[in-house]
Amino acid sequence: MSLEIEEKAVSSALGDRLHPEPRHEPLVFERSGRGKVGYSLPPLDVPEVLAIPESLRRADIEGETEVTEVEVARHFTRLSQLNFSIDQGLYPLGSCTMKHNPRTNEEVARLPGFAASHPLAPEGSCQGTLELAWRLEQILIELTGLSRVTLQPAAGAQGELAGILMIRAALAKAGNPRRTVLIPDSAHGTNPASAHFAGYRVSELKSNARGTLDLDVLEAAMTEDVAALMLTVPNTLGIFESQITEIAAIVHAKGGLLYCDGANFNSFVGIAKPGRMGIDVMHMNLHKTFSTPHGGGGPGAGPVAVAERLVPYLPRPTVERRADGTFTLDFDRPDSIGRLRTFLGNYGMFVRALAYIAAYGNRIGEVARGAVLNANYIRAGLAGVYHLKYDAPTLHEVVFSDKKQAERGVHAIDIGKRLMDYGFHPPTVYFPLIVPGALMIEPTETEGRPGLDAFVGAMRAIAKECEEDPELVRKAPHTTPVRRVDEVGAARNLILRWRP
Amino acid sequence: MKFLPASDADRSAMLQAIGAARLEDLFASIPPEVLEEPKLPPPLSEIEIRRFLGGLSARAASARETAFFLGAGLYHHYVSAIADQMLYRSEWLTAYTPYQPEVSQGTLQSIFEFQTHICLLTGLDVANASLYEGASALVEALLMADRLARGRRRAVLSAGIHPEYRETVATYFANLDLEIVEVPVGSDGRTDAAALAAAADEETFAVALQSPNFHGLVEDWSAAARAASRCGAQSVAVIAEAASLGLLAPPGLAGIDIACGEAQSLGVPMHNGGPLLGFLACRTAHQRQIPGRLVGETRDAEGRRAFCLTLSTREQHIRREKATSNICTNQGLMALASNIHMSLLGRKGLREVATQSHAKAEYLKAAIARVPGYRLPYPGPSFNEFEVEAPVPAAPLLARLAGEGILAGVPLARYFPQWPNRFLVAATEMNTREEMDRLVGRLGAVS
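For the protein sequence lines, the chains are A and B, in the order given. Note that my numbering has the first sequence beginning at 33, numbered continuously upward. Note that my numbering has the second sequence beginning at 1329, numbered continuously upward.
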């Protein structure tokens, strides 16, 4: 990386930064004024009736707003301008896969048959929606190489729970549900939490010096009391478990099942198939690999693909195609783990994911190729500047640490905050837990080379600032709508709502 | 490929910077025996995607083109154009969980406002940033109650709670050594307060009641509140039709400890059943046991008002298997839509939507009751939904009406095989008198 690129990158990023003046937008409740109206309804065309006893009614909704549409439009537009988003620039939040969200997908998801339909309508009135779900399942079966997919889970964490519950049901049916789930120390926090809520004890496996799982560590832990190994592939360091088939063999030899956390499926989608790796269950995050928008924290969707032996345990209902080509819901699944939520799942996300996959078609592997190329480019650009605890080859993300900068009293959080001044969202910090002071960077495939160069330039400039003016970094950010926010104070003195 | 900004020249230069000869070399860590390209059709253009999905959409009945009376936990209510158009803004759509408050004040303040709206509607002190949907919100509420009453094993649930909610609870509870006791509804379709109280004992951690219940009937929150407080359990109010909160007594004022359910009616389209908008609210005393994300008000380094996620030490990314819940995402964008909707409607509008829905449902209920052969099994007070017993099996009747552009109701046979002739009918402010008269006329003609 030449110094010239570095300087150019920094100045252009500074030019793009958020508006430097501190701005404040009152709460919508503080805009309220007696008698103002923000809606209109037609006059009531039936007799006015109130057939509910007074004791079961309320008189008023005290404290609720009285604002006009104009004020609401301005309020939410102004609020939006206090956010950083993918469309403004690189959002390298590791593990979250913040990639471009195609707008066609937003448009088609709002077609009336999808946005204004009801899943309890008569079957003949929902053939289009059932077919869409069925088609998405077929595509996910093809991409994973597994036997069937449930689309019901509302997000990855619910997918994890569904997967572990299916494993439990299969083992219980065979006579013994077992008591333990093995999880490597690099895993997402949702893994142990999901295993716990499925009634399992969690046993943590230590990663080796390469950041992956040692076969003898697994061999020692893998007993006939172990129901499953929950493995993130590639793991949260972005490292693929090269011995995945051996791992699967060890787990299967003891009668256990291999659960794959597919949060990082975007790094090998269209290139390799989990079904060939010996994986028995895998959840996918439609909001990561298949680019449904993150929306400020959801909605997501967490379909789960399973091998043949787990098919009887899939959540109810499943979508089936009859011999005559019509579609129906199958509720008659006696071994099903049951239902994880209402209706069919986050259907609107199915529409977006299907549109996204259709746009790539048989070239879907380009997603993974682009993501891996970009992450490795950043890795090369920052090598030597930031410490890399595990230097094994990585796929779609790279985890540096603040080790060098910490010697100057500057920590991962400070580096992240300083990146905001350069016009970038910070990486994920302090995760995975096995890397102290982690800076987890995931650029995704939708970032071009100029953006990557600018990011590398900013990271290098910050490293220099850590040497020359550490206080500047520690006090960052300097140019955001608010300065460093007192999170400790928020937890100590809880104010969780406005009060009239 | 229009979503991939790297040119061929970029790619070669980048590979060179990395020190790799070919792109495939970057995948050398994946064993060759697991590599396999998927068999998928070639990429589709934007025009083809619109055509393909437009074709599927056209083969599903929508509330925009039918006389629409479906409910059962998912309702067709008014949503102002602005509540959807605002969601297109990149700053809302393409941001993530506001882990970094300095560049996320918009999302954080909107969640804080959403939390406030839910508190005002439920009459409780604290609400979280949203949950997936109603059924899993009930699960989270019950697990919260279980944490508050350490060691107790039993949840008492009214059978008037939505059957899909109860099935979800059963799925979650199956392996947690927790027991569910269901209190059946009485012959009037409502939960008997005495039966509820009799079922709750010193082993009970929660008593849950839904209002309006699945049969559409308005229940008395205080029945659950009294049954729970007598034995030291938490009372849980379940709300599957949140528009009712504009008219019905808020659970917080009736002594309820935790309110949870589905807020889809407040600004979120039906989306064929998802994404929806789960919510959960509780009293201040229990705020540290609330699951899901929470936004709090604080100050920045210069003393200005600012917002941030708070109490995250309850959450899975810190506490792992000891977390209050395994959930990670919430329903951010839906909570935003709902915040916009509730702000627009506000004090007067939320009430007017509720009173209009109620008046229309009362009109329709009375008219259907007059159709020969049709009967209302439960005469008690309802909000905007009610059960009807037809003289013939409901499912084929409803399928026939759907063919005529009337989605008349949800057959109960799927949930209650013992009632093949019954169905649920919902009305909202979206229905016109003309549509309702047409429905009544057709029921009269086909009976």
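All C-beta atoms in this analysis are idealised placements derived from N, C-alpha and C, irrespective of residue type, glycine included.
Inset, instruction - State yes or no: is the beta carbon of Ala41(A) nearer than 8 angstroms to at least one beta carbon in chain B? - result: Its pLDDT being 44, under 50, Ala41(A) is placed unreliably in this model, and the value from its coordinates should be taken loosely. With its beta carbon at least 8 angstroms from every one in chain B, Ala41(A) lies outside the interface.
Legend entry - Span separating the alpha-carbon of Thr268(A) from that of Ala1571(B): If you draw a straight line from the Cα of Thr268(A) to the Cα of Ala1571(B), it is about 42 angstroms long.
Inset, instruction - Tell me whether Phe432(A) sits in a helix, a strand or coil according to DSSP, three-state version. - result: Looking at Phe432(A) - three-state DSSP - the assignment turns out to be strand.
Inset, instruction - Tell me whether Ser1340(B) is buried or exposed, calling it buried when 16 or more other Cβ atoms sit within 10 Å of its Cβ. - result: The residue is exposed, with fewer than 16 neighbouring Cβ atoms inside 10 Å.
Inset, instruction - Please determine, among Arg110(A), Ser72(A) and Leu125(A), the residue with the shortest C-alpha to C-alpha distance to Thr460(A). - result: If we check each option's Cα against that of Thr460(A), Leu125(A) comes out closest.
Inset, instruction - Could you check how far apart the C-beta atoms of Ile1655(B) and Leu1459(B) are, in whole angstroms? I think they sit under 8 angstroms. - result: About 7 angstroms separates the two Cβ atoms, so the contact holds.
Inset, instruction - Using beta-carbon positions only, say whether Gln1615(B) and Leu59(A) come within less than 8 angstroms of one another. - result: In this structure, Leu59(A) does not lie closer than 8 angstroms to Gln1615(B) by Cβ.
Legend entry - 8 angstroms Cβ cutoff met for Leu1368(B) and Glu174(A): Against a cut-off of 8 angstroms, the Cβ pair of Glu174(A) and Leu1368(B) comes out as a contact.
Inset, instruction - Starting from the beta carbon of Leu1351(B), find every residue of chain A whose beta carbon is closer than 9 angstroms, and list them in chain order. - result: For a Cβ distance threshold of 9 angstroms, residue set Arg401, Val404 and Leu405 of chain A lies close to Leu1351(B), ordered along the chain.
Inset, instruction - Report yes or no: do three or more beta-carbon pairs, one from the region 1594-1606 of chain B and one from the region 1450-1466 of chain B, lie closer than 8 angstroms? - result: Taking 8 angstroms as the limit for Cβ pairs, the verdict is that the region 1450-1466 of chain B does touch the region 1594-1606 of chain B.
Inset, instruction - Return the CA-CA distance between Trp166(A) and Leu1573(B), expressed in angstroms with no decimal places. - result: Approximately 37 angstroms, taken between the alpha carbons.
Inset, instruction - For Tyr462(A), name the three-state secondary structure that DSSP assigns. - result: In the three-state scheme derived from DSSP, where H, G and I count as helix and E and B as strand, Tyr462(A) is classed as coil.
Inset, instruction - Pick out whichever of Ile215(A), Leu88(A), Leu73(A) and Ser112(A) has its Cα sitting closest to the Cα of Glu57(A). - result: Of Ile215(A), Leu88(A), Leu73(A) and Ser112(A), the residue nearest in Cα terms is Ser112(A).
Legend entry - Where Val102(A) meets chain E, residues with beta-carbon distance less than 9 angstroms: No chain E is part of this structure, whose protein chains are labelled A and B.
Inset, instruction - Select from the region 1613-1633 of chain B all residues with a C-beta closer than 8 angstroms to any C-beta belonging to chain A, and list them in chain order. - result: Residues passing the 8 angstroms Cβ filter: Gln1615, Arg1621, Leu1622, Val1623, Gly1624, Glu1625, Thr1626, Arg1627, Asp1628, Ala1629, Glu1630, Arg1632 and Arg1633.
Inset, instruction - Determine which residues share a DSSP beta bridge with Val1738(B) and list them. - result: According to DSSP, residue pairing for Val1738(B) in a beta bridge involves Leu1752(B).
Inset, instruction - Under the assumption that Arg1621(B) contacts Asn1658(B) (Cβ atoms under 8 angstroms), give the Cβ distance between them as a whole number of angstroms. - result: That belief holds up - the Cβ atoms of Arg1621(B) and Asn1658(B) are roughly 5 angstroms apart, short of 8 angstroms.
Inset, instruction - Could you say if the region 231-248 of chain A and the region 200-219 of chain A meet the contact criterion of at least three C-beta pairs nearer than 8 angstroms? - result: Under the three-pair Cβ rule at 8 angstroms, the region 231-248 of chain A counts as touching the region 200-219 of chain A.
Legend entry - Contained beta strand (DSSP E) runs [length at least 3] in the region 165-226 of chain A, N- to C-terminal order: Fully enclosed beta strand (DSSP E) runs of 3 or longer: 180-182 and 212-216.
Legend entry - At least three beta-carbon pairs within less than 8 angstroms, the region 1584-1598 of chain B to the region 1692-1703 of chain B: Touching, no.
Inset, instruction - Tell me where the beta strand (DSSP E) around Ile276(A) begins and ends. - result: Looking at the DSSP string, Ile276(A) is not in any beta strand (DSSP E); the run it does join, the alpha helix (DSSP H), is Ile276 to Ala285.
Legend entry - Contact list for the region 1673-1691 of chain B against chain A, Cβ threshold 8 angstroms: Contacts with chain A (Cβ-Cβ distance below 8 angstroms) from the region 1673-1691 of chain B involve Leu1673, Gly1674, Arg1675, Lys1676, Gly1677, Leu1678, Arg1679, Glu1680, Val1681, Thr1683, Gln1684, His1686, Ala1687, Lys1688, Glu1690 and Tyr1691, listed in chain order.
Inset, instruction - For Pro1597(B), decide whether its Cβ has a neighbour in chain A, counting only Cβ atoms nearer than 8 angstroms. - result: Yes, Pro1597(B) counts as interfacial toward chain A.
Inset, instruction - Label Tyr1416(B) either buried or exposed according to how many other C-beta atoms from any shown protein chain fall within 10 Å of its C-beta, with 16 as the threshold for buried. - result: If you draw a 10 Å sphere on the C-beta of Tyr1416(B), you find fewer than 16 other C-beta atoms in it, and that means exposed.
Legend entry - Supposed close pair Glu1430(B), Thr109(A) - CB separation, criterion 8 angstroms: Glu1430(B) to Thr109(A), Cβ: 20 angstroms. No contact.
Inset, instruction - Going by CA-CA distance only, name the one from Val1535(B), Val1623(B), Gly1601(B) and Arg1728(B) that's closest to Ala1587(B). - result: Relative to the Cα of Ala1587(B), the nearest Cα in the group Val1535(B), Val1623(B), Gly1601(B) and Arg1728(B) belongs to Val1535(B).
Legend entry - Close beta carbons around His107(A), own chain, < 7 angstroms, minus the five adjacent residues each side: Leaving aside the five residues that flank His107(A) on each side, the residues in its chain whose CB is nearer than 7 angstroms to its CB run, in chain order, Glu57, Val60 and Arg63.
Legend entry - 8 angstroms Cβ cutoff met for Val1484(B) and Val1511(B): Yes. Within cutoff.
Inset, instruction - Could you tell me whether any Cβ in chain B is nearer than 8 angstroms to the Cβ of Cys128(A)? - result: Judged by the 8 angstroms Cβ criterion, Cys128(A) is in contact with chain B.
Legend entry - Start-to-end residues for the beta strand (DSSP E) that takes in Gly1606(B): Its beta strand (DSSP E) spans residues Gly1606 to Cys1610.
Legend entry - Exposure label - Gly307(A); buried when at least 16 CB within 10 Å: Taking all protein chains shown into account, Gly307(A) has 16 or more neighbouring C-beta atoms within 10 Å of its C-beta and is therefore buried.
Inset, instruction - Note down, in chain order, each residue of its chain lying with its Cβ closer than 7 angstroms to the Cβ of Leu1738(B), except the 5 sequence neighbours on either side. - result: Checking the sequence, you will find Val at residue 1738(B) rather than Leu. Excluding the 5 residues flanking it on each side, Val1738(B) has same chain C-beta neighbours closer than 7 angstroms at Leu1398, Gly1399, Ala1400, Phe1751 and Leu1752, in chain order.
Legend entry - Runs of beta strand (DSSP E) wholly within the region 109-160 of chain A (minimum 3 residues, chain order): Fully enclosed beta strand (DSSP E) runs of no fewer than 3 residues are not present anywhere in the region 109-160 of chain A.
Inset, instruction - Identify the contact partners of His1543(B) in chain A, using a Cβ-Cβ distance below 7 angstroms as the criterion. - result: Per Cβ cutoff of 7 angstroms: no residues; His1543(B) is ~15 angstroms from chain A at best.
Inset, instruction - Could you say which of Lys1330(B), Ser1515(B) and Ile1358(B) lies nearest to Val404(A) if we only look at CA atoms? - result: The shortest Cα separation from Val404(A) among Lys1330(B), Ser1515(B) and Ile1358(B) belongs to Ile1358(B).
Legend entry - Under 8 angstroms by beta carbon: chain B residues contacting His443(A): Below the 8 angstroms Cβ cutoff, chain B contributes no neighbours of His443(A), its closest Cβ being approximately 15 angstroms away.
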